[in-house]
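Sequence order for the protein chains is G and V.
My numbering puts the first residue of the first sequence at 8, with every later residue one more than the last.
My numbering puts the first residue of the second sequence at 57, with every later residue one more than the last.
The beta carbon of each residue, even a glycine, is placed where N, CA and C say it ideally should be.
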Amino acid sequence: MTTFILKRIFFETLPTLLIIATLTFFMVRLAPGGPFSQEKSVTPEILENLKAHYGLNAPLHKQYFDYMKNLLRGDLGPSFKYPNRTVNELIANAFPVSFELGLYALLFALLVGNAAGLIAALCPNTKSDYIPMSLAMLGICIPSFVLGPLLVLIFSLWLGWFSVSGWDFPSDRILPAITLGATYAAYIARLTRSGMLEILNQDFIRTARAKGLPEYKIILKHGFKGGVIPVVSFLGPAVAGLISGSFVVETIFQIPGLGRFFVNAAFNRDYTMVLGTVLFFAILIILFNLVVDIILVWLNPKLRFRE
Amino acid sequence: MPALLHVENLSVSFTTDERKIQAVREVSFDINKGEIVGIVGESGSGKTVTGMSLLRLIPSPPGHIESGKVLFKGQDLLEIPIKELCKIRGKDISVIFQEPMTALSPLHRIGHQLAETLIIHEEIDFKQAWEVGIEWLEKVGIPDPKERMKAYPFQFSGGMQQRVMIAMALMLNPSLIIADEPTTALDVTIQAQIFELLLKLKNHDTSILFITHDMGVIWELSDRVLVMKDARIVEEGTIEDIFHRPEVTYTQNLLAAVPQLTDESQKHIHGSQKEKNSGLIRLKNLRTWFPIRHGIWARTVGHVKAVDDVSLSIRKGETFGLVGESGSGKTTLGRTILGLERAWEGAVYFKEQNITQITHKNMKPLRRHLQMIFQDPYSSLNPRMTVLDILTEGLIVHNMLESPKKDTAAKLLEEVGLQSDHMFRYPHEFSGGQRQRICIARVMALRPEFVVCDEAVSALDVTVQAQIIEILLQLQEKYNVSYLFISHDLSVVKQITDQVAVMRNGKVVEEGNTQQVIDDPKHPYTQTLINAVPLIGGKKKVI
């Protein structure tokens, strides 16, 4: 296991991050415009000073190596758009909010998705299969910018159960979490269904029946452990996506999360912020994929013995 | 004395969207206390469905038990509530399945799976159940049982897995064991050990319902036989009656189709007429080793010696048999000759040209002469290609297509006994035997000089097997092609090969004229292998 993790970190994670950082660095610079081009009526002298302050007038390769040097120390540099704030600070402030929202959304997605998928798998091609699966299809099709306002309309404006937006009270978490988690719940439902169906047709399920195990134990003990494997594989990138914030959901509900930085940084040509958020997201994805792979090994002992 | 199990008018059907298939039709039989009853029949005859229906283990839907009674200790197993049935499953009636690899859960330790069986049916805690599990592993002959309890099924060989299944089936001392092809997936020597174990460990009063397609196995084990065909029992009788005085034509045909080690070899008559010139394929100290890599730098820590120092010579127009148990390196040897595996050392000469050293470009024109027919006709044909495309793909690659595609395909299909309008169909529309014919046609289209038949008839029913062998021999006669016939079935090898080599752990332990090797084996391993083959009408080896 240690070999496996070390191998992943040194042979996969670090080279991947290096490539991502390099590509992003040059790509944002290739984009037309710059961090200060939007500011109105800046005299050339001030622009020069600004550039000098942020080290943007040095040759590109020098900028690159400087950035990489700082990166190695974990310093993502100053933000070009938010004066006197570093990218590290900005991420550190916004991430906890997105993390919390993502966690609730994940919880919602897992509960609803697994339950729906399980019910569907146990009675394939019946009403209890078609109804949850049609809803799941709907969940995949409806984008969050439609679902969010719809939920607000029904539950906040008509029924008055929740606030329309904001991030102040515990009840403010509910609607955004559902909006963000719905699509994931739908995917999880479909994956659970197909995973369970496949497992329940395996020979060892018949063996379990032949032993005299009651049906619920067969499903929980012998079925579910194998049936959730596809769901777990999906969860790696999904969790990273959930907790790193969603631009759409955070905008609809006015949540001070990380998602808006992704988009705004790109619009503003905030070079360091773009790089910072991209790298942060990449680290999350890699980290959760690693966690998922470890869970998969635990779920499926066969992987432990494979070279 | 009333029968232990009484089955009356059992009918089972499977319904799909398109049609209803009657899998079992009004089947009735009895099993007495302590009796071993065999059900024999070809694939699709309904024997497994019959066995599984007794405990309502068929998948439902699509399966549906339409009518009938299964009386066991005064209860109708088809009527009682599932909760009651669960008390009988595993305790009074246990099951041993065909494929131990898939019948044991890959996600749980052997020990857990054994202990689970006990915990369901008896007042016993996990620790005690674990101890009983260790005892049983010891009884079924698994070395170091204490440690092995913690292992997973895939860390066991097929034979060891089946021993675990046997332990699981016997540990609660059932009155009846349903054994569904328990040794079909295993080597003959392992098969003999498994039978011995099963008979030794079972209580004297325990009955067995034995489901198999193998007549030899039935002869070895059963007291009474039910012959099934097309969902019905066509004949029933004692072992002597069925084997020596079969009344129904189907039973007679079935018995006649079984290749026997004692049969006169047919090949050796027509093979000897041919002029045999020197070696077509010659192997010189061939080694195929696979490195075992370990650790973070993937260092090579050792080698799996799949083929180890093999020298052979196969002549033109000859059938060369290669026998051995699974894992002995037969398939790897076949693949190495064709260049599908890289030789580690040594040489493969095709017409005196060393093809292990050849460049990719120079190998290409030779490829068509070196072909392979695979064991599983289900997975070796691309399910998304029509038969027409499958048959002509190789010809197009080698620029050998002389007439229009359809004419060529029609001719090829005719040669293997299929109809020309079959060419527009996809592989899934054919039976196993027909698919193997398509595979043969695909190979023969290229007019190869050397064909590796890797267990080419092993997955087929005996009657179909006989037909496929006939086609192979006809085509050999016609095109003077050489076969390397890889098989675990000595009877078939004896029937059709001229020369034979016996492989074990990557090495050839004995080699020579087939008739001589089988009649008078020199190497002790060859002797063991031959002795393990069940012989119909011969002395029963097990009981």
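Segment limits, alpha helix (DSSP H) that includes residue i
i	result
residue 151 of chain G	151-158
residue 216 of chain V	214-226
residue 61 of chain G	51-61
residue 463 of chain V	461-471
Closest by C-alpha distance to residue i, when choosing among the options
i	options	result
residue 200 of chain V	V:208, V:190, V:209	V:190
residue 149 of chain V	V:341, V:408, V:192, V:226	V:226
residue 274 of chain V	V:92, V:152, V:572	V:92
residue 232 of chain V	V:561, V:533, V:62, V:475	V:62
residue 292 of chain V	V:152, V:234, V:84, V:210	V:84
residue 528 of chain V	V:508, V:547, V:545	V:508
residue 463 of chain V	V:115, V:477, V:170, V:450	V:477
residue 74 of chain V	V:118, V:110, V:95, V:65	V:118
residue 239 of chain V	V:170, V:175, V:154	V:154
residue 592 of chain V	V:315, V:182, V:373	V:315
residue 147 of chain V	V:576, V:94, V:230	V:230
residue 140 of chain V	G:43, G:221, G:14, G:32	G:221
residue 170 of chain V	V:569, V:188, V:481	V:188
residue 224 of chain V	V:434, V:174, V:586	V:174
residue 11 of chain G	G:297, G:173, G:163, G:292	G:297
residue 448 of chain V	V:439, V:469, V:97	V:469
residue 139 of chain G	G:255, G:147, G:240, G:127	G:127
residue 406 of chain V	V:398, V:209, V:419, V:400	V:419
residue 188 of chain G	G:219, G:23, G:174, G:158	G:158
residue 129 of chain V	V:60, V:165, V:64, V:100	V:60
Continuous beta strand (DSSP E) stretch holding residue i: start and end
i	result
residue 359 of chain V	355-371
residue 379 of chain V	375-379
residue 176 of chain G	It is not in any beta strand (DSSP E) - residue 176 of chain G carries neither H nor E in the DSSP assignment.
residue 568 of chain V	563-569
residue 341 of chain V	335-350
Chain V within 8 Å of residue i, Cβ atoms only
i	result
residue 307 of chain G	yes
residue 210 of chain G	yes
residue 134 of chain G	no
residue 200 of chain G	no
residue 312 of chain G	yes
residue 233 of chain G	yes
residue 355 of chain G	With chain G running from 8 to 314 in the structure shown, residue 355 of chain G is simply not present.
residue 128 of chain G	no
Residue-chain proximity (residue i, chain G), Cβ-Cβ < 8 Å
i	result
residue 484 of chain V	no
residue 210 of chain V	yes
residue 337 of chain V	no
residue 241 of chain V	no
residue 238 of chain V	no
residue 143 of chain V	yes
residue 412 of chain V	no
residue 172 of chain V	yes
residue 146 of chain V	yes
residue 468 of chain V	no
residue 111 of chain V	yes
residue 150 of chain V	yes
residue 579 of chain V	no
Residue-level contact to chain B via CB, residue i, 8 Å cutoff
i	result
residue 118 of chain V	Among the protein chains in the structure shown, which are G and V, there is no chain B.
Are at least three pairs of beta-carbons, each pair with one atom in the segment 204-220 of chain G and one in the segment 263-270 of chain G, less than 8 Å apart?
no
Counting pairs of Cβ atoms below 8 Å between the segment 135-148 of chain G and the segment 178-195 of chain G, do you hit three or more?
Verdict: yes, contact present.
Using 8 Å as the threshold, is the segment 295-306 of chain G in touch with the segment 112-130 of chain G, meaning 3 or more CB pairs across them?
No, because fewer than three Cβ pairs between the segment 295-306 of chain G and the segment 112-130 of chain G fall closer than 8 Å, the two stretches do not touch.
Residues of the segment 211-222 of chain G with a CB closer than 7 Å to any CB of chain V: list them in chain order, please.
Against chain V - using a Cβ distance shorter than 7 Å - the residues of the segment 211-222 of chain G are 211, 213, 214, 216, 217, 218, 219, 220, 221.
Closer than 9 Å, Cβ to any Cβ of chain G: which residues of the segment 184-204 of chain V, in chain order?
none
So, does the segment 92-110 of chain G touch the segment 245-252 of chain G, judging by three or more C-beta pairs under 8 Å?
Note that the segment 92-110 of chain G touches the segment 245-252 of chain G; at least 3 beta-carbon pairs, one per stretch, sit closer than 8 Å.
With three or more C-beta pairs closer than 8 Å as the rule, is the segment 357-373 of chain V touching the segment 532-547 of chain V?
yes
Residues of the segment 371-384 of chain V with a CB closer than 9 Å to any CB of chain G: list them in chain order, please.
none
Please confirm if the segment 551-566 of chain V is in contact with the segment 355-365 of chain V, defined as three or more CB-CB distances below 8 Å between the two stretches.
They touch, by the three-pair rule.
Identify each residue in the segment 152-165 of chain V for which the Cβ-Cβ distance to at least one residue of chain G is less than 7 Å, and report them in chain order.
153, 155, 158, 159, 160, 161, 162, 163
The segment 24-34 of chain G touching the segment 281-292 of chain G, judged by at least three CB pairs closer than 8 Å:
yes
Mind the definition here: the segment 244-253 of chain V touches the segment 574-590 of chain V only if three or more C-beta pairs lie below 8 Å; say whether that holds.
Result yes; three or more Cβ-Cβ pairs closer than 8 Å.
Stretch pair the segment 377-395 of chain V + the segment 549-559 of chain V: three plus CB contacts closer than 8 Å:
yes
Segment contact flag, the segment 488-505 of chain V with the segment 514-527 of chain V, C-beta cutoff 8 Å, min 3 pairs:
Under the Cβ criterion (8 Å, minimum of three pairs), the segment 488-505 of chain V counts as touching the segment 514-527 of chain V.
May I ask you to verify whether the segment 67-84 of chain G touches the segment 92-104 of chain G, counting CB pairs closer than 8 Å and requiring at least 3?
The answer is yes - the segment 92-104 of chain G touches the segment 67-84 of chain G, with three or more Cβ pairs under 8 Å.
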